[in-house]
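Input: a single structure, listed below in structure tokens.
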Amino acid sequence: MKDENFFEQVRAVARQIPYGRVTNYGAIARALGSAQSSRMVGWAMHAAHVGPDVPAHRVVNRQGLLTGKIHFGSPHEMQRRLEAEGIKVKNDKVIHFKELFWDPQTLAAG
DNA sequence: ATCTTGACCTAAT
DNA sequence: CATTAGGCCAAGA
């Protein structure tokens with residue numbers, strides 16, 4: 073098992089993101105113990121999109137902005153997936169983001 | 001091997 | 001409230 077890899081940890085958490093929910097890089101980074109490694113989280117996603125099924129579309133930045141939409145092949149692929157889950161998106165930003173926000177620590181706590 | 005860029009966040013001024 | 005600086009780890013040139 074390569075769970076010791078930072079990427080693997082990010083992927084593991086990303087897969088734990090429930091349906092119709094979204095989270096931000098910082099939250100994941102914190103869950104991994106590296107609150108300041110939020111950048112790595114995004115980079116991990118970049119490597120994750122080529123790996124197993126990782127709901128990277130459920131991961132957005134602190135402002136709920138679909139910053140990584142450009143890496144979904146099409147700049148509307150990410151937004152499209154979010155809307156497919158019932159998540160409304162406007163101006164490439166998740167609506168009610170704070171409401172749909174999901175903290176990975178919540179899972180680790182249980 | 002070195003420098004720069006990268007799906008970012010937090011703290012300080 | 002807006003701007004500036006620091007941090008983290010990895011990949012590309």
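Each residue of the first sequence is one higher than the one before, starting from 73 at the first, in our numbering. Ideal Cβ placement from N, Cα and C applies to all residues, glycine included.
In this structure, the CA atom of Q177 is about 14 Å from the CA atom of R83. The shortest C-alpha to C-alpha distance from G145 to any of A103, H129, I89 is the one to H129. About 6 Å separates the beta carbon of L138 from that of Q151, a gap short enough to meet the 8 Å contact definition.
Here the segment 108-126 lies against the segment 81-98, with 3 or more beta-carbon pairs under 8 Å apart.
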